[in-house]
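So in this note's numbering, spot 107 of the sequence shown is number 512, and the numbers just go up one at a time.
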Amino acid sequence: MIELTILGNSAATPAHDRHPTSQVLALPHKHFLIDCGEGTQIQMQRYKVKMGYIRNILITHLHGDHFLGLVGLLSSMHLQKREEDINLFAPIDLMEILRITFKYSHTVLNFKVNFFPLPPQSGEIIYQDDQVSIETILMNHRIDCYGFVFQEKTKKKKVLVDKLPPDTHWQILVALKDGQDILDESGNLLYRCEDYTLQPPSYKFVHCSDTRYTESFLAQIAEANMIYHEATYLHEDVHKAEYTFHSTAREAATLAHKAQVGKLVIGHFSSRYRELDAHLHEARRIFPNTFLGIEGDTLSVELPKIEIPKVEK
Ligand SMILES: [Zn+2]
Ligand SMILES: [Zn+2]
């Protein structure tokens, strides 16, 4: 299960009770805060996202609506006597902003911030553990701006034990799980791995921050289970989107359609729109499985379960 909780969905300024951008991505066993616009910590309280959950923070770019809440959040973590490290993945200039802010407020944080500057290329792995890796995508925005691909690592195979003799040695089962073919003592093929196993699916989530419409990263985002893409404008205002390096709902949906993703979440709505229904309708005309990223909502996708067929004996 992948869950994306929307904390802020407003572009540029707070408007119509909408807050600047922030989201929490919950993957099995870990959470990532993606962007931290002004008021993010208040939104976390409102929607019961515990600060203690957050170990990793990703900042897509240094426009204020994406990071101005970070100093407040880190300061509150400090006042709450946090001791666990924070991993911060962000454009390098954020380091200077934090250094100066904490220097002149005479704040020495109780915990360590491990700063990982984002590289200037697409396709760079910036994080990985035994379950997931995160890769950069370059957006097309007025300043350097990043998207991220969260890719679950390939899981061990499921062995179709019913197809094997009941007294099969456990070492054979382990080898099949690891993807190996099984040979007999003379080197003849006994069990071909692909005939006796199934590969469980791995999730892929993509976050596309502020950007003009571009297909430059289509291959990287292809077939994601869920994608977040900004949809600042309606297509009737496409000239504004182009001028400000943003996208329209129709463009976000077009990209989702071309990338053949499972589900599209749109957000980062301009203050010129009080109601958001038109964004949803515009996107769904092209990509029906689109959802509005409404603050407080958690959008999720569950991976299909693999059914192990029973074998008649
Ligand atoms: Zn923005
Ligand atoms: Zn921006």
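The beta-carbon is built from N, C-alpha and C at its ideal position, and this holds for glycine as well.
Beta-carbon proximity list for residue i, same chain, < 7 angstroms, skipping 5 on both sides
{"i": "Lys453", "result": "none"}
{"i": "His478", "result": "The residue asked about is misnamed: residue 478 is Leu in this sequence, not His. Closer than 7 angstroms at the Cβ level, and outside the excluded window around Leu478, lie Cys441, Thr445 and Gln446."}
Distance between residue j and residue i (C-alpha atoms, nearest Å)
{"i": "Gly444", "j": "Asp567", "result": "55 angstroms"}
{"i": "Glu680", "j": "Ser480", "result": "34 angstroms"}
{"i": "Pro524", "j": "Phe437", "result": "19 angstroms"}
{"i": "Ile711", "j": "Ser607", "result": "11 angstroms"}
{"i": "His421", "j": "Ala683", "result": "16 angstroms"}
{"i": "Pro605", "j": "Thr637", "result": "36 angstroms"}
{"i": "Ile464", "j": "Thr695", "result": "24 angstroms"}
{"i": "His574", "j": "Ala688", "result": "54 angstroms"}
{"i": "Ile505", "j": "His511", "result": "10 angstroms"}
{"i": "Pro570", "j": "Ala580", "result": "16 angstroms"}
{"i": "Glu599", "j": "Leu708", "result": "21 angstroms"}
{"i": "Gln665", "j": "Ala624", "result": "10 angstroms"}
{"i": "Thr541", "j": "Ile548", "result": "15 angstroms"}
{"i": "Leu503", "j": "Val476", "result": "7 angstroms"}
{"i": "Glu641", "j": "Asp586", "result": "57 angstroms"}
{"i": "Tyr393", "j": "Tyr509", "result": "The structure shown does not extend to residue 393, since the chain is modelled only from 406 to 718, so the question has no answer here."}
{"i": "Leu603", "j": "Ala657", "result": "34 angstroms"}
{"i": "Cys550", "j": "Lys486", "result": "32 angstroms"}
{"i": "Phe507", "j": "Leu685", "result": "41 angstroms"}
{"i": "Ile530", "j": "His546", "result": "21 angstroms"}
Cβ neighbours of residue i in the same chain (closer than 8 angstroms, five flanking residues each side left out)
{"i": "Thr659", "result": "Tyr618, Ile691 and Phe692"}
{"i": "Asp498", "result": "Leu467"}
Other residues of its chain near residue i: CB distance less than 6 angstroms, five sequence neighbours each side excluded
{"i": "Val611", "result": "Val554, Ile626, Ala629 and Ile632"}
{"i": "Glu590", "result": "none"}
{"i": "Thr457", "result": "For the record, residue 457 in the displayed sequence is Gly; it is not Thr. Closer than 6 angstroms at Cβ, skipping near neighbours: no residue."}
{"i": "Gly369", "result": "This structure leaves residue 369 out entirely; the chain is present only between 406 and 718."}
{"i": "Lys561", "result": "Lys582"}
{"i": "Phe520", "result": "Leu493 and Met500"}
Nearest-angstrom Cβ-Cβ length linking residue i and residue j, presumed shorter than 8 angstroms
{"i": "Val518", "j": "Leu493", "result": "5 angstroms"}
{"i": "His471", "j": "Thr426", "result": "5 angstroms"}
{"i": "Ser675", "j": "Ala416", "result": "5 angstroms"}
{"i": "Thr616", "j": "Met544", "result": "4 angstroms"}
{"i": "Phe516", "j": "Glu489", "result": "6 angstroms"}
{"i": "Ile699", "j": "Asn461", "result": "Contact flag wrong, Cβ pair sits at about 24 angstroms."}
Selected residue, minimal CA-CA separation from residue i, among the options
{"i": "Leu412", "options": "Leu708, Thr703, Glu707 and Pro709", "result": "Thr703"}
{"i": "Arg655", "options": "Glu540, Ile671 and Glu488", "result": "Ile671"}
{"i": "Leu578", "options": "Lys558, Glu557, Tyr601 and Thr559", "result": "Tyr601"}
{"i": "Leu409", "options": "Lys609, Lys645, Ala646 and His662", "result": "Lys609"}
query = Are at least three pairs of beta-carbons, each pair with one atom in the stretch 628-640 and one in the stretch 582-598, less than 8 angstroms apart?
reply = no
task = Determine contact between the stretch 424-438 and the stretch 526-544, defined as no fewer than three beta-carbon pairs at a distance below 8 angstroms.
result = yes
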